[in-house]
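> Going down the list, the sequences are from chains A, B and C.
Each residue of the first sequence is one higher than the last, beginning at 1 in the numbering used here.
Each residue of the second sequence is one higher than the last, beginning at 1001 in the numbering used here.
Each residue of the third sequence is one higher than the last, beginning at 2001 in the numbering used here.
Where is the CB? At the ideal position from N, CA and C, for every residue including glycine.
These figures come from a predicted structure and were not determined experimentally.
This is the structure I want to talk about, given as structure tokens.
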Amino acid sequence: MGGCMHRIAITLFATLLAIYSAFTPLWAQERSAVRQGFELAPQSGKTILLLRPTVRVGAQSTGGLFEPNADWTDQARANIDAALATMQSKLGNVVVAAPEPYGEDARKVAEHMSLFAAVSRAVIEYQFFVGNRLPTKKRDNKADVFDWSLGTGVADLPGAQNADYALFIYNQDQYGSTGRKMLQIVGLVAGVGVTSGQHIGYAGLIDLKSGDLLWLNADFQMGGDVREAEGAHKRVRQLLEDFPGSTMPKDAAPAETKP
Amino acid sequence: MISRALCVLGALSLLVAGEAQAQPAPPQPVLPPPYAGAYQPQGVDEIGLWREMDEDERVLAQSDLAIRDEALTGYVRKVLCDTVGADRCGAVRIYVLRQPEFNASMAPNGTMQVFTGLLLRVKSEAELGAVLGHEFGHFEARHSLGQLKAWRSGTDVLAWAFVLGSLAPSYNVARSYRNLELSVLGNLYRFGRDQERDADRLGIGYLNGSALRPQAASEVWQKLMGEYEASARAKGLKKPRFDRIAFTASHPPQAERAGYLAELARPDAATRDDGAERYRAALAPWLGMFLDDQIKLNDFGASEYLLQALAQGGWTAQLHHARGELYRMRGAPRDLVNAAQFYADAVALDPAHAEANRGLGLSLLKTGQAGAGQAALRRYLELKPDASDARLIGMMIPAGEPQP
Amino acid sequence: MIRPLFHLSAALALTSLLLAPVSAQAHKLRERGAPVAVADTPLTVTPSRDWNRLDVRLGKNTEHWTVDGEQLNDVIFFAAIEPGKPLVRERSKKREPLPKFTAATLLVEVPELLETTWRTYKHSGSFQMTGIEPGRFLGADGVHFTYEFVDQDELPRRGEARAAIIAGKLYMISFEAPRLHYFAAGVEDFRKLADSARLP
């Protein structure tokens, strides 16, 4: 690649970054939705199957690169697991961890996880996101309809026979490094918004009989530092706030996350 | 301390020598350094990388693109072990992915991904070992870690693309722009030229120490460049964009590379076995599929070049058929005439080749030879009455003729 | 060992992707029972249910329709493709040419044209044709075919399509959806849509 192309590339990407950064706030929405008519009373005797949450934690370099940090990820996973465990009573119903799948079961779980991710993104892009709603989803919003599904195949997931619902959790944290924070300040001066750190989470509750998505909470700017027990507790509370039947208090607006 | 400094100086002088002139390094046979034992990640960055790779490997193991065939995977592992030695290859987990590109990579935690496009292009165990050994060299020299650090400190625009891609992966992106590097399967690393040279040297060192012919390493690159040139020529391009092609981007110039690899190969090892026969035999059950994947990439020049290379051992019905498919799919009037000939050659060698009869029939029909075309299609249906397009083909044969 | 992550057209693609949400409500409703023209061609369809037309164009003669988002259900119309043209817009005519529909293309070769187009466009080795049958489309003898593939998001999908060559031009309509639940849930609506397709 010649030097000229390189310069063009840099200019293009600088523009791209400026554009992207400017749009970042549009994605920093928290939205949750419940399937119309769905109610889950606390202490109803229902069982919730918790699938292995996807947890990724790392640092974000000046260039925004995600640097995975295994210690942080291990801590976060342990903290999130502990937080989830202690919140069972607050969730209102029994939570059971899904058994580790092997072979064909593992393939099924993976496919369902991929589908959950696709459905979540579709919900966010085409029903939640103000600038991009599909006309039919806009109509649904007006009618308070939230109608999404993973299909009845969920009944075949390991552990599904003994549970009523499945809880899917996805969590990714990138903590802004010092360099990124500097860029943030510079960006503010230049009039370009640059977020430091990114804290994405979505949690979904699936009906194991029908596959219906009963509840989805999607947040692109979550609070709580998951590397610490208290922060993970806060994060899980945020992910699961508005969880049907829960007695957890609703969090205030997402707080600043510590580096 | 002093000896290490001398070592570093020695290595540096070799590198400097390589940079200062376009000529290959002095002809010293290079032996791999003593193996340090089981590889454990150290430091925050490396442990973090391994954790990320472990998570990715869980997904990889379940991937629908992974070819889970024990014979094939076992054979690739055998070639790796023959090249780098059993004590090194024990830590490696091999995944063969159905991706029609020349590429292989190795993650810092020992996951090696081998694309089917690579398996199509190498013709012997020595050639395959050369590529796998090169990848293993990156692993043993822990280049990925240095690269992460380089990414972090560099102003490389490529990092932006990675970030943006990783922050917004979506089906839409996949549909409108597929970039293999951004996917969990394609978490491949881009190394600097010096690191590539280091990996080359380690790779040739392994080969020198193995029972395989090390001269094959240089030949792999020569053939690859030939392929890219053929591809560019067929597209009417002046020269291939090597910097756009996997496995060559950021690499040392090809002539230099082929040169020093040839020089570093032990001269007394030139008479060793290539393992070409064994390789052909192991690949045989897969050749049809890999050829089909290649031809359907619509890269006429590259596919024709590869077919010619494969045919150096003699044209088979399978190769004639593949060539027929290539020409028929491009479909210009002269192509169709050629295609008919190639299919006919296939059928002459193997009259029971159903697909070749189909291709022959379609090509003849399209060049105005309806009678002969229909006859060939009829033979296709006789040979393969349960073909997925049997009914549709049947409608192309006039009624009254014998139909299955 | 990889090709460079940077690719000028990739930058443009990403730019347009990121800019897309900003453009005002460009996805349009396609109402049940209302005949509507496709891709500014004489081809019309009458949906049996409400669909959304996505503001995303793979080519001049294409349209994408969806119910829930293209990740979950994706109807693509290819309308009046002329001989010498590819099915979708090429990223680079010279460097990454796509296979072309030609005057000599036979109906039985159309499924392979779609297969090769997707394989080339996505640089993918994942595409399996599972069935090719004669069938009516647009009031003419056409081809119905089915297939499977896996894209970047690791979610296996199934596809079903119908095509016909009319007055020397290619007309095709495909439906792609995850094989887990979504394909079966949407394929009947697709078939009704295809059945309703008309040329004057």
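In this structure, what does DSSP give as the bridge partners for A/L213?
Residue numbering aside, residue 213 of chain A sits at position 213 when the first sequence is read from its first letter. Note: A/L213 sits in a beta bridge opposite A/I206.
> Considering only their Cβ atoms, is the gap separating B/A1282 from B/V1220 smaller than 7 Å?
Sequence index remark: in the second sequence, residue 1220 of chain B carries index 220 (1-based). Sequence index remark: in the second sequence, residue 1282 of chain B carries index 282 (1-based). Cβ distance not < 7 Å, so B/V1220 and B/A1282 don't count as in contact.
> C/N2052 and C/A2177 look like a contact to me (Cβ under 8 Å); what is the Cβ gap, rounded to whole Å?
For the purposes of this step, residue 2052 of chain C is taken as residue 52 along the third sequence, with counting starting at 1. For the purposes of this step, residue 2177 of chain C is taken as residue 177 along the third sequence, with counting starting at 1. The pair is not a contact, with the Cβ atoms about 15 Å apart (cut-off 8 Å).
> How is A/P244 classed by DSSP in three states: helix, strand or coil?
Here residue 244 of chain A is taken as the residue at index 244 of the first sequence, counted from 1. Looking at A/P244 - three-state DSSP - the assignment turns out to be coil, as it is neither helix nor strand.
> Going by DSSP, what residue range makes up the alpha helix (DSSP H) through A/F146?
Here residue 146 of chain A refers to the residue found at position 146 of the first sequence. A/F146 -> no alpha helix (DSSP H), and no H or E assigned at all.
> Given C/W2118, which residues of its chain have a CB within under 8 Å of its CB, disregarding the five upstream and five downstream residues?
Here residue 2118 of chain C is taken as the residue at index 118 of the third sequence, counted from 1. These residues qualify, in order along the chain: S2124, F2127 and F2149.
> For A/S114 and chain C, any beta-carbon pair shorter than 7 Å?
Taking the first sequence and counting its residues from 1, one reaches residue 114 of chain A at position 114. Output row for A/S114: interface = yes.
> Provide the residue span of the beta strand (DSSP E) that contains C/N2052, from first to last.
Residue mapping note: residue 2052 of chain C aligns to position 52 of the third sequence, counting from 1. Note, C/N2052: beta strand (DSSP E), W2051 to R2053.
> Please list, in chain order, the residues of the segment 2175 to 2186 of chain C that have any C-beta partner in chain A closer than 9 Å.
Result list: P2178, R2179, L2180, H2181, Y2182, A2184 and A2185.
> Shorter than 7 Å from the beta carbon of B/G1301 to some beta carbon of chain C?
On the second sequence, position 301 is the one that residue 1301 of chain B refers to. B/G1301 does not count as touching chain C.
> With a floor of 3 residues, list each beta strand (DSSP E) that falls wholly inside the segment 1089 to 1121 of chain B, ordered by position along the chain.
Listed in chain order, they are 1093 to 1097, 1104 to 1106 and 1111 to 1115.
> Kindly list the residues whose CB is nearer than 7 Å to the CB of B/G1154, restricted to its own chain and excluding five residues on each side of it in sequence; keep chain order.
The residue you call residue 1154 of chain B lines up with position 154 of the second sequence. The pLDDT assigned to B/G1154 is 42, lower than 50, so where the model puts this residue is not dependable, and the model offers no usable value.
> Which runs of the beta strand (DSSP E) spanning at least 3 residues fall entirely within the segment 2044 to 2116 of chain C, listed in chain order?
Here the runs fully enclosed are 2051 to 2053, 2062 to 2066 and 2074 to 2081.
> Can the beta-carbon of B/L1261 be found closer than 7 Å to that of B/S1218?
Position 261 of the second sequence holds residue 1261 of chain B. Position 218 of the second sequence holds residue 1218 of chain B. In contact: B/L1261 and B/S1218 (Cβ atoms closer than 7 Å).
> What does the Cβ neighbour count give for A/T86, buried or exposed, with the cut at 16 atoms within 10 Å?
To locate residue 86 of chain A, count along the first sequence from 1; it is residue 86. Counting Cβ neighbours within 10 Å, A/T86 comes out exposed, since fewer than 16 surround it.
> Does the segment 95 to 106 of chain A touch the segment 119 to 129 of chain A, meaning 3 or more C-beta pairs lie closer than 8 Å?
Result no; under three Cβ-Cβ pairs closer than 8 Å.
> Using the Cα positions of B/L1185 and B/H1138, report the straight-line distance between them to the nearest angstrom.
For the purposes of this step, residue 1185 of chain B is taken as residue 185 along the second sequence, with counting starting at 1. For the purposes of this step, residue 1138 of chain B is taken as residue 138 along the second sequence, with counting starting at 1. Residue placement at B/L1185 is poorly supported in this model, since its pLDDT is 30, which falls under 50; the coordinates still yield a value, given next. Those two C-alpha atoms are separated by around 18 Å.
> For B/K960, which option in B/V1079, B/A1199 and B/K1296 has the closest C-alpha, if you only look at C-alpha atoms?
Here chain B covers residues 1001 to 1404 and nothing more, so residue 960 of chain B does not appear.
> By a C-beta neighbour count over all protein chains shown, 10 Å radius and 16 as the cutoff for buried, is A/N162 buried or exposed?
Here residue 162 of chain A refers to the residue found at position 162 when the first sequence is read from its first residue. With fewer than 16 Cβ atoms within 10 Å of its Cβ, A/N162 is classed as exposed.
> So if I threshold CB-CB distances at 9 Å, which residues from the segment 1111 to 1125 of chain B count as touching chain C?
Cβ contacts with chain C come from F1115, T1116 and G1117.
> Check the C-beta distance from B/L1349 over to B/A1317 and give it rounded, since I have them as a contact under 8 Å.
In the second sequence, counting from the first residue as 1, residue 1349 of chain B sits at position 349. In the second sequence, counting from the first residue as 1, residue 1317 of chain B sits at position 317. With 8 Å as the limit, B/L1349 and B/A1317 qualify as a contact, their Cβ atoms being about 4 Å apart.
> Under the three-state reduction of DSSP, which class applies to A/Q198: helix, strand or coil?
Your numbering for residue 198 of chain A matches position 198 in the first sequence. Three-state result, A/Q198: strand.
> For B/Q1222, report the span of its alpha helix (DSSP H) as first-last.
Walking along the second sequence from the start, residue 1222 of chain B turns up at place 222. It spans A1216 to A1234 - the alpha helix (DSSP H) in which B/Q1222 sits, taken as one unbroken run.
> For a contact meaning CB atoms closer than 7 Å, what does B/M1395 contact in chain C?
Locating residue 1395 of chain B in the second sequence gives position 395, counting from the first residue. Simply P2134.
> Just how far apart, CA to CA, sit C/H2181 and C/P2156?
Sequence index remark: in the third sequence, residue 2181 of chain C carries index 181 (1-based). Sequence index remark: in the third sequence, residue 2156 of chain C carries index 156 (1-based). Each residue's Cα considered, the two are about 11 Å apart.
> Is the Cβ-Cβ distance between B/F1342 and B/G1324 less than 7 Å?
In the second sequence, the residue the question calls residue 1342 of chain B occupies position 342. In the second sequence, the residue the question calls residue 1324 of chain B occupies position 324. Result yes, Cβ atoms of B/F1342 and B/G1324 sit closer than 7 Å.
> For C/G2129, which beta-bridge partners are listed by DSSP?
Mapped onto the third sequence, residue 2129 of chain C falls at position 129. Reading off the sequence, residue 2129 of chain C comes out as Met, not Gly. In DSSP, C/M2129 forms a bridge with C/Y2147.
> Could you name the residues of the segment 2087 to 2110 of chain C whose beta carbon sits closer than 9 Å to any beta carbon of chain F, in the order they occur along the chain?
Chain labels in this structure do not include chain F; the protein chains are A, B and C.
> Starting from the beta carbon of C/Q2071, find every residue of chain A whose beta carbon is closer than 8 Å, and list them in chain order.
To locate residue 2071 of chain C, count along the third sequence from 1; it is residue 71. Within chain A, the residues near C/Q2071 are A118, V119, R121 and A122.
> Beta carbon of B/A1370, beta carbon of B/L1360: below 7 Å?
By one-based count along the second sequence, residue 1370 of chain B stands at place 370. By one-based count along the second sequence, residue 1360 of chain B stands at place 360. Contact: no.
> Can you list, in chain order, the residues of its chain with a C-beta nearer than 7 Å to that of B/R1213? Leave out the 5 residues immediately preceding and following it.
To locate residue 1213 of chain B, count along the second sequence from 1; it is residue 213. Hits under 7 Å: A1126, A1269, A1270, R1272, D1273 and D1274.
> Look at the Cβ atom of A/D164, then the Cβ atom of A/R35, and state whether they are nearer than 7 Å.
Counting from one through the first sequence, the residue named residue 164 of chain A turns up at place 164. Counting from one through the first sequence, the residue named residue 35 of chain A turns up at place 35. Cβ atoms of A/D164 and A/R35: not closer than 7 Å.
> Say whether the segment 2162 to 2169 of chain C touches the segment 2094 to 2108 of chain C, bearing in mind that this needs 3 or more beta-carbon pairs closer than 8 Å, one atom from each stretch.
Counting Cβ pairs under 8 Å, three or more are found: they touch.
> Could you work out which residues of chain A lie near C/L2058, taking near to mean beta carbons separated by less than 8 Å?
To locate residue 2058 of chain C, count along the third sequence from 1; it is residue 58. Per Cβ cutoff of 8 Å: no residues; C/L2058 is ~18 Å from chain A at best.
> So what's A/F38 in DSSP terms, helix, strand or just coil?
Position 38 of the first sequence, counting from 1, holds the residue named residue 38 of chain A. Reduced to three states, the DSSP call for A/F38 is coil.
> Closer than 9 Å, Cβ to any Cβ of chain C: which residues of the segment 1332 to 1349 of chain B, in chain order?
Listed by position, the residues of the segment 1332 to 1349 of chain B near chain C (Cβ gap below 9 Å) are A1332, P1333 and L1336.
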